[in-house]
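Here the structure comes first, spelled out in structure tokens, and everything after it is commentary.
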Amino acid sequence: MTRNSVTVLFLLVFCQPVLADNKTVVIKEWKVPWENTRPRDPYIAPDGRPWFCGQGGGYLARFDPETEEFKKYDLGEGAGPHNLIIDAMGRIWYAGNRRAHIGRLDPDTGQVKKYSMPDADVTDPHTLVFDHNGDIWFTAQISNHVGKLTVATGEIQLIEVPTSQARPYGISIDSTGRPWIALFGTNKLAMIDPDSFRLTEYELPREKARPRRLSITSDDNIWYVDYAGGVLGQFDPGKEVFIERQLPGGQDARPYGMTVDDKDRLWLVETGEMPNRFVGYDPRQQQFITVTEINSGAGAVRHMYFDQDKGAIWFGTDTNFLGRAIVP
Numbered sequence: 012m013t014r015n016s017v018t019v020l021f022l023l024v025f026c027q028p029v030l031a032d033n034k035t036v037v038i039k040e041w042k043v044p045w046e047n048t049r050p051r052d053p054y055i056a057p058d059g060r061p062w063f064c065g066q067g068g069g070y071l072a073r074f075d076p077e078t079e080e081f082k083k084y085d086l087g088e089g090a091g092p093h094n095l096i097i098d099a100m101g102r103i104w105y106a107g108n109r110r111a112h113i114g115r116l117d118p119d120t121g122q123v124k125k126y127s128m129p130d131a132d133v134t135d136p137h138t139l140v141f142d143h144n145g146d147i148w149f150t151a152q153i154s155n156h157v158g159k160l161t162v163a164t165g166e167i168q169l170i171e172v173p174t175s176q177a178r179p180y181g182i183s184i185d186s187t188g189r190p191w192i193a194l195f196g197t198n199k200l201a202m203i204d205p206d207s208f209r210l211t212e213y214e215l216p217r218e219k220a221r222p223r224r225l226s227i228t229s230d231d232n233i234w235y236v237d238y239a240g241g242v243l244g245q246f247d248p249g250k251e252v253f254i255e256r257q258l259p260g261g262q263d264a265r266p267y268g269m270t271v272d273d274k275d276r277l278w279l280v281e282t283g284e285m286p287n288r289f290v291g292y293d294p295r296q297q298q299f300i301t302v303t304e305i306n307s308g309a310g311a312v313r314h315m316y317f318d319q320d321k322g323a324i325w326f327g328t329d330t331n332f333l334g335r336a337i338v339p
């Protein structure tokens, strides 16, 4: 596995936040019945119901918005489920962040199959994402690795990030199947060639930037939130150009959870204030289009999922709520 680093020419443009019509976003939240368990990282199953992780409670759970009922699946002491994704068969794949494995839950039987990390130094699977073949790419933040789980064989391949303590965090797949990773411990993004496993680093314009989550629009532009600087960043890999926009919350906005909808609009949460603020940005207008407070306060929204069928964005909060935002 080879690695290299690329330095690009930067076009650094700080765009002052201009709020367009402040379009209405309708947010509804449900209190999760298991106290202080940090519900997070929801994902919609093929039947339309959201699942989420109880990171502080060692469980996965399903929610039915029609009946408003929750069902919990215990994973055992110290599992630390951090993130989950769901395949077309309805199987739940989760990151066993404290137990060095990726797990697969069969919701019909409750049985869990575990795929252990092949390297004892890689202990913390963090965020999972499917590629176009249905295989799973993932980050391991503290272990400083990115990995791939081939679902058909169960094989796990690992790639060490060359920058020390880079803390690979958010991950997304572009239209060509390449994983892009936010390196939260430094001012870099990374891209992996899925055929050669070559990892390329791209340095962000500002040394103090700390990208945490990222999303990819249909034109394969990479959008990231800079948690340290309160910035929404855009990277065009073809032109090798960065553009950065200050968020409405300013330098202390602390943007965290992020997703993109079917209109290529970016949605993120500013966690620097209580209550947290749900923010929309439209690249076509080049404007922020809405800022909406989250009623529960949220504490932090760490990851979000867009449900195209319902036009809804699901999220979990540190204040122990599961939330749904209907976007215009």
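If you read the sequence shown in the numbering used here, its first letter stands for residue 12, the second for the next number, and so on. In this text, a Cβ means the ideal position worked out from N, Cα and C, and glycines have one as well.
Taking all protein chains shown into account, Met-100 has fewer than 16 neighbouring C-beta atoms within 10 Å of its C-beta and is therefore exposed. Apart from sequence neighbours up to five positions away, the residues of its chain that approach Pro-179 with a beta-carbon distance below 8 Å are His-137, Thr-150, Ala-151, Gln-152, Asn-155, His-156, Val-157, Val-172, Ile-192, Ala-193, Leu-194, Phe-195 and Ala-201, ordered along the chain.
The alpha-carbon separation between Thr-282 and Gln-262 amounts to approximately 12 Å.
Taking Gly-241 as the centre and dropping the five residues before and after it, the same chain places the C-beta of Gln-257, Leu-258, Gly-260, Gly-261, Gln-262, Asp-263, Ala-264, Arg-265, Pro-266, Glu-281 and Gly-283 closer than 8 Å to its C-beta, in chain order. The Cβ atoms of Pro-286 and Thr-35 lie no closer than 9 Å to each other. Following the DSSP letters along the chain, one finds Lys-34 in no beta strand (DSSP E), marked with neither H nor E. In the structure shown, the three-state DSSP call for Gln-245 is strand.
The alpha-carbon separation between Asp-247 and Phe-253 amounts to approximately 7 Å. Comparing alpha-carbon positions, the option among Arg-335, Leu-279 and Phe-317 lying closest to Ile-300 turns out to be Leu-279. The DSSP-derived three-state label of Asp-263 is helix. Distances from the alpha-carbon of Ser-127 to those of Arg-110, His-143 and Val-140 put Arg-110 closest.
Ranking Arg-115, Thr-120 and Pro-190 by CA distance to the CA of Trp-148 puts Pro-190 first. The three-state secondary structure of Ile-337, taken from DSSP, is strand. By the neighbour-count criterion, in which 16 or more other beta carbons inside 10 Å mark a residue as buried, Pro-61 falls on the buried side. Following the DSSP letters along the chain, one finds Tyr-180 inside the beta strand (DSSP E) bounded by residues 179-184. Taking a C-beta distance under 9 Å as the contact criterion, Arg-73 and Ala-90 do not qualify as a contact pair.
Pairing Leu-71 with Pro-44 gives a Cβ-Cβ distance that is not under 9 Å. In terms of CA proximity to Gln-66, Asp-135 leads the group Gly-188, Phe-208, Asp-135 and Val-37.
Around the beta carbon of Glu-80, fewer than 16 other beta carbons sit within 10 angstroms, so the residue counts as exposed. The distance from the Cβ of Ser-186 to that of Asp-231 is about 6 Å, consistent with a contact at the 8 Å cut-off. If you keep only unbroken beta strand (DSSP E) runs of at least 3 residues inside the segment 158-214, you get 166-171, 179-184, 190-194, 199-203 and 210-214. In the same chain as Asn-47, and ignoring 5 residues on each side of it, the C-beta atoms closer than 7 Å to its own belong to Gly-67 and Asn-331, in chain order.
Spanning the alpha carbons of Asn-108 and Gly-268 requires a straight line of approximately 18 Å. Rounded to whole angstroms, Gly-310 and Asp-329 show a C-alpha spacing of 5 Å. By the 16-neighbour rule on beta-carbons within 10 angstroms, Glu-214 is buried. Annotation for Asn-108: no beta strand (DSSP E) segment contains it, and DSSP assigns it neither H nor E.
With contacts defined as CB atoms closer than 9 Å, Thr-303 and Phe-326 fail to qualify as a contacting pair. Between Arg-115 and the set Asp-132, Ala-131 and Ile-96, the nearest pair of CA atoms involves Ile-96. If one requires a minimum length of 3 residues, the beta strand (DSSP E) runs lying completely within the segment 277-325 are 277-281, 288-293, 298-304 and 315-318, in chain order. The beta carbons of Val-236 and Pro-222 sit about 7 Å from each other, so the pair counts as a contact at 8 Å.
Taking all protein chains shown into account, Val-37 has fewer than 16 neighbouring C-beta atoms within 10 Å of its C-beta and is therefore exposed.
Boundaries of the beta strand (DSSP E) around Asn-94: 92-97.
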